[in-house]
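Peer 1: Dumping the structure here so I can ask a few things about it.
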Amino acid sequence: MAGLELLSDQGYRVDGRRAGELRKIQARMGVFAQADGSAYIEQGNTKALAVVYGPHEIRGSRSRALPDRALVNCQYSSATFSTGERKRRPHGDRKSCEMGLQLRQTFEAAILTQLHPRSQIDIYVQPLRGVVSLQVLQADGGTYAACVNAATLAVLDAGIPMRDFVCACSAGFVDGTALADLSHVEEAAGGPQLALALLPASGQIALLEMDARLHEDHLEWVLEAAAQAARDVHTLLDRVVRQHVHEASILLGD
Amino acid sequence: MFFGVLCLNVDGKLLSSDVTHYVIPDWKVVQDYLEILEFPELKGIIFMQTACQSVQHQRGRRMYNKLRSLLKDTRHDCILFANEFQEDCYLPRERGEALEKWQTRSIYNAAVWYYHHCGDKMPIVMVTEDAEAVQQYGSETQGVFVISFKDYLDNFWPDLKAAHELCDSILQSRRERESENQEGHGREYAEHLLPEVLEAGIKSGRYVQGTLNVNKHRAQIEAFVRLQGTSSKDSGLASDILIHGMKARNRAIHGDVVVVELLPKGEWKGRTGALCDNDSEDKVSGEAPSEPMPTGRVVGVLQKNWRDYVVTFPSREEVQCQGRNAQKILVTPWDYRIPKIRISTQQAEALQEFRVVVRIDSWESTSLYPNGHFVRVLGRIGDLEGEIATILVENSILVGPFSEAQLCEMPVNTPEKPWQVSAEEEHQRRDLRRTHLVFSIDPKGCEDVDDALSIRTLSDGDLELGVHIADVTHFVAPNSYVDVEARTRATTYYLADRRYDMLPSALSADLCSLLGGVDRYAVSVMWQLDKTSYEIKAVWYGRTIIRSAYKLCYEAAQELLARNFGVADEIPEFKSLDEKSRQTRLEELAWAVGRLADVARHVRAKRDRCGALELEGMEVRVQLDEKKNIDDLIPKQPLEVHEMVAECMILANHWVARKIWESFPHQALLRQHPPPHQEFFAELRECAAAKGFAIDTRSNKALADSLAKAEDPGDPTVNRLLRSMATQAMSNALYFSTGSCAEEEFQHYGLALDKYTHFTSPIRRYSDIVVHRLLMAAISKDKKTEIKENLLSNKDLEELCRHINNRNRAAQHSQKQSTELFQCMYFKDKDPGTEERCTADGVIYSIRTNGVLVFIPRFGIKGAAYLKNKDGLVMSCGPEGHLEWKPGSLQRFQDKIISTTMGGDSVTLHLFDHVTVRISVQASRCHSDTIRLELVSNKPYEVPSSGLSSPSPLLLKSDLVREVTRCSEEAQLAQEVAVDTSREEYPEYGQTKGRSLYALLEEIRDLALLDVSGDYSI
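Chains as they are written, first to last, in this note's numbering: chain A, 1 to 254; chain B, 10001 to 11018.
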């Protein structure tokens, strides 16, 4: 069998998308009543749930409180059944910690933390990629991006003031072409992969991460592809928020 | 007409709407009959994505790439429809449904959709091998026909004979294979290991990966694996790996990428140093092989590089001995390195007299020989056209006449409607028509003038040197039909008697030829030189309009350089002028030529000073290598103008290389000439030592200097032979993409330049076209304007370089082979005993255990002469130095070979001894004929003085070609009268009728060589 062709001569990717095309995105806000804010997002087969509590008083050790701004506490835990590899601990392992830190960096840049000094905001995210809703267990890529997008919606749902949406998307590089929003197959092929969180209105970058070798000349294109994809995500998320607000206002019987 | 093929293709390739139907092949048809679908006659083919994927998964990369290139090729009327990505076409596979059934169902469904998509106007034919599918879907939808492939060919293409034959032969070979699999004979070869095992083995260092090279002279026994990439460093192997015997070769064919397991040291073998014939299959006995080298056996084939092979069917008598199995016939490939191929055909009788193309299908471990199928007939054995076609096929050269679509793209230039400079271009280009004195220097009678020169004094006293190259890219847009064709050809092919142009003659001989007195577009490089030191102060690149004032030939330019104005009569431009203006113009031109020579001398000296070499202009020689054989040993013509023009071209190439590399550091096309391996010089050093010369090969300069010193006053051939040995020890210069290797590797050893490329001959080299486009892009990048064309990425460029290098090699081989063909035809049917010209003077240039290698300067032939024949007799010296066969023994030393007879007399032959040899032709039915040399005397050959009006001592190559051509034409005429039937099977070559320009050029070359080579024939 010949090797997998990530990008065909006709410009199709393995799942039939074009290079710059996103997977289908569906999202909902306010999925839990108990939490201050919550959201659920599906990007292709990757699914993520985010819950936000706060701002509230510092819990646990008071010494952690910051005098001038709120403490953003992010926890990432993957559902044990969600990935190809089965593990016991849902959180606390190296990978989850790293992801938690990255999310924290991202949201510290976006939330106006100085409005809530000496308090704490908790963000819990759980990617549910490959829920066993079908017979086949599907694992699909772009966990970080889905988590950020879900968390953005959840923070908005909680009514915490932010500078802007934070929209994230991944991008890769195959055969001289930048691919937006990588799926699991494309991630697993081992090419360079870049994760970008963007504040779309200002175009500022909240987080940029890449841990593979990529030629300097190509970085610009890949970055542009990821940024464009993030802007596309923003359009979709914005629509979701407006829809949510619209529904809420009807319910409140304005 | 509306047949929207929207959403189907990104390359803008559209199916033509003027066909009667569209055809959709089922997956199985694509897998098995792709060769037939490749016929250009079949039009309107839609490949479904489902079918392509089945090829990708089940037939391997090679086949899939073939399909991909078919789809990309704009000359083929076929497209891909991504049916699985189309919402209405996609069908999920049902539970328990076989993959094959689902594929067929998907394809049918997509065919129906497509039919409706085209507004129910265009009938769709789906061809399948699945009888059930024909039953099931045959009458389901009106307008969508489902039939078998055989029926399709019968009904729609009854006249396409070639396709039918190919179809039959594929069917038959498949049937054979199936029946063979059921029978399951005893195993002849070990099974290949699984790909995963091979990959793991290569990574762990247990196995080695490399390309298999079969020894042409001992095809049955010896093959070598050239190591690839890093594996050679890991395993610590310096040399190639020997694969001894067919068993160890394990079904790998010459050119395949194989995986080799090394044998334990105890089983290592050495290569044989003896001369031997391929036809005698038995090994040379009593032969002590040289020291053992790493030996291995093939455990798997990573990549099969099978191509079309030219074969010959066995003659009638031989068939009878194979008679047990009349259906299957063993045919012998023309190339010695390819094993015999088993063909199933019923036409064996009819094909006996012909050269035939076949393809290999498979090689099972149970079979001694590979299975193949018959593809097409080339021509009669021994017939000139047939043999030339054979050479072309064997080198995978495809050159038909240019198609109408390609010619339609050409601009018109007829007397009624002459081509003119357009106003728009005039505005954009720098106009040099009035400001510069531009002239070209070329061989006499040359029609395709690539380059022109100019020089003038600027207002501040500095000089301005200009090199102007025909602007081919203006006429050849990227990805136009002509461009695609030129890219496929990659170069103009020169055979001994004809040439196949890369571009249509409308361009190559007319609009892109910088002829005298007409306006032409050019790409120019102009340097501003300091008035005294000739240092380069500034350089300008750009598109220009020029009008060449004079079209000089080399000889005239040389006369002007010597300020010998008598030559003016020969320059046509001066004819119509009156005496006075003629004199001033002549002065002007002579000044320009003189100044150019001055500058060229300086540039050359500067290159030499920078540790450069004086190796007879290596680059020029590599170019001339296409004309190998004879030219190889003839030093460059001594005219200074040659060197002057060459130097200007090298300068232009160098500066363009710098420019495009600076602008596009990762995607520029340059040319490298890697420094040679020192061990390859061993033979050269030994040979030179035999004559008492020391050759220093440590650097290119040292080599050139010591070669210059190694001059034997009594025998000029010595120096030539040494030089040719040095050339052979070096690797070829290659094109590469700058993104694919480190900057230190860019250097050009032969020219001693850090960067070099080919820019000056876009008419006959595709690489130059690419460089022109790069240069244009670099200029627009400087101007900050948008780059119009899409440049090739590093990866694409690398692939293109590989293709061009590969085609250049094919061009060289085909040229060499065609020259050999002509030599053989010349000597054929001459009785070597009586015919005077069959005896000639030869020089020994290499000693082997049972013979010597001899070079014959008069004909430019190199060959082997035996001192020991098959019966074990050796050469002995008879009266008057004549040699005859007697029983005895041979003793080989470093620089001499001694043959001693039982009687005690002995003959000693030294390196560089002159001997007399008799030339005869060894005819061969299945292969090309070969020249055979036989030692007649160990004294130099004396030209018999009896005939006072003896013919020219040096046989001109063009004479040889002409004579052979005439003979073959006569033979063909005779044949035509006798049999008129086989006429249409001769391939038509549209380009070379009558006296070709090439023949003309060759004649001029020969004239120029006469005085050089005449002196040693006595």
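Glycine residues also receive a C-beta, built at the ideal position from the N, C-alpha and C atoms.
1. Report the neighbours of Leu10080 of chain B on chain A: residues whose CB is nearer than 7 Å to its CB, in chain order.
2. Distance, Cα to Cα, Thr10332 of chain B vs Gly10372 of chain B?
3. Would you mind working out which of B:Cys10838, B:Val10299 and B:Ala10223 sits nearest Leu10194 of chain B, comparing C-alpha positions?
4. DSSP three-state call for Gln138 of chain A: helix, strand or coil?
5. Just to confirm the assignment, what range does the alpha helix (DSSP H) spanning Asp238 of chain A have?
6. Does the stretch 10463-10481 of chain B come within contact of the stretch 10658-10670 of chain B, defined as at least 3 CB pairs closer than 8 Å?
7. Between which two residues does the alpha helix (DSSP H) containing Glu10425 of chain B stretch?
8. Below 8 Å on C-beta distance, what does Asp181 of chain A contact in chain B?
9. Please identify the residue among B:Arg10251, B:Gly10245, B:Ile10221 and B:Thr10211 whose C-alpha is closest to the C-alpha of Val10257 of chain B.
10. Please report the straight-line C-alpha distance between His10244 of chain B and Val174 of chain A, rounded to a whole angstrom.
11. For the beta strand (DSSP E) containing Thr10908 of chain B, list its first residue and its last residue.
12. Around the Cβ of Leu11081 of chain B, are there at least 16 other Cβ atoms within 10 angstroms (buried) or fewer (exposed)?
13. Can you tell me which of the three DSSP states Lys10784 of chain B falls into?
14. Helix or strand or just coil, what does DSSP make of Ala201 of chain A?
15. Gly176 of chain A CB to nearest chain B CB: under 8 Å?
16. Is any beta-carbon of chain A found at less than 8 Å from that of Ser10899 of chain B?
17. Any beta-carbon of chain B closer than 8 Å to the one on Asp16 of chain A?
18. Scan the stretch 10733-10750 of chain B for residues whose Cβ lies nearer than 7 Å to a Cβ of chain A and list them as they occur along the chain.
19. Evaluate the contact criterion for the stretch 10512-10529 of chain B versus the stretch 10540-10547 of chain B: three or more CB pairs, one atom per stretch, below 8 Å.
20. Just to confirm my understanding: we take Val185 of chain A, look at its own chain, exclude 5 residues before and 5 after, and list those with CB closer than 7 Å. What are they?
21. So for Lys10118 of chain B, helix, strand or coil by DSSP?
22. Between the Cα of Ala10710 of chain B and the Cα atoms of B:Arg10723, B:Tyr10033 and B:Cys10118, which residue gives the shortest distance?
23. Keeping to the same chain, check which residues put their C-beta closer than 8 Å to that of Pro10411 of chain B; ignore five residues upstream and five downstream.
24. Measuring straight from C-alpha to C-alpha, what distance separates Gln10049 of chain B and Phe10081 of chain B?
25. Would you mind sorting Ile10804 of chain B into buried or exposed? The rule is 16 or more other CB atoms within 10 Å of its CB.
26. Suppose the cutoff is 6 Å on Cβ atoms and the five residues either side in sequence are ignored; what does the same chain contact list for Gln10528 of chain B look like?
27. Check whether the Cβ of Arg10226 of chain B lies closer than 8 Å to any Cβ atom in chain A.
28. At the level of alpha carbons, what is the spacing between Asp10120 of chain B and Val10055 of chain B?
29. Residues of chain B with CB under 8 Å from Asp217 of chain A, in chain order?
30. Secondary structure at His11019 of chain B, three-state DSSP: helix, strand or coil?
31. Hey, does Ser133 of chain A have any beta-carbon neighbour from chain B nearer than 8 Å?
32. Compare the C-beta of Leu10153 of chain B against all C-beta atoms of chain A and say whether one is closer than 8 Å.
33. Quick check on the DSSP output: what are the complete alpha helix (DSSP H) runs of length 4 or more inside the stretch 10530-10584 of chain B, in order along the chain?
34. Have a look at B:Ser10533, B:Val10146, B:Val10125 and B:Val10641 and flag the residue whose alpha-carbon is nearest the alpha-carbon of Ala10131 of chain B.
35. Any Cβ of chain A within less than 8 Å of the Cβ of Arg11025 of chain B?
Peer 2: Per the coordinate set shown:
1. Gln10
2. 12 Å
3. B:Val10299
4. Any reading at Gln138 of chain A must be qualified, since the residue scores a pLDDT of 45, below 50, and its modelled position is unreliable; no value is offered.
5. Glu216 to Leu251
6. no
7. Ala10423 to Gln10428
8. Within 8 Å Cβ-Cβ: nothing; Asp181 of chain A doesn't reach chain B, min ~16 Å.
9. B:Thr10211
10. 42 Å
11. Ser10906 to His10910
12. Residue 11081 of chain B is absent from the model: chain B starts at 10001 and stops at 11018.
13. coil
14. coil
15. yes
16. no
17. Position check: residue 16 of chain A holds Gly in this sequence, whereas Asp was assumed. Closer than 8 Å: yes.
18. none
19. yes
20. Val14
21. Going by the sequence as given, residue 10118 of chain B is Cys instead of Lys. Cys10118 of chain B falls in the coil class under three-state DSSP.
22. B:Arg10723
23. Trp10419, Phe10475, Ala10506 and Leu10511
24. 6 Å
25. buried
26. Asp10462, Glu10464, Lys10537 and Ala10538
27. no
28. 29 Å
29. His10666
30. Any question about residue 11019 of chain B goes unanswered here, given that chain B covers just 10001 to 11018.
31. With a pLDDT of 36 at Ser133 of chain A, under the threshold of 50, the predicted position of this residue should be treated as unreliable, and no value is reported.
32. no
33. 10554-10561 and 10572-10575
34. B:Val10146
35. The first residue shown for chain B is 10001 and the last is 11018, placing residue 11025 of chain B beyond what the model contains.
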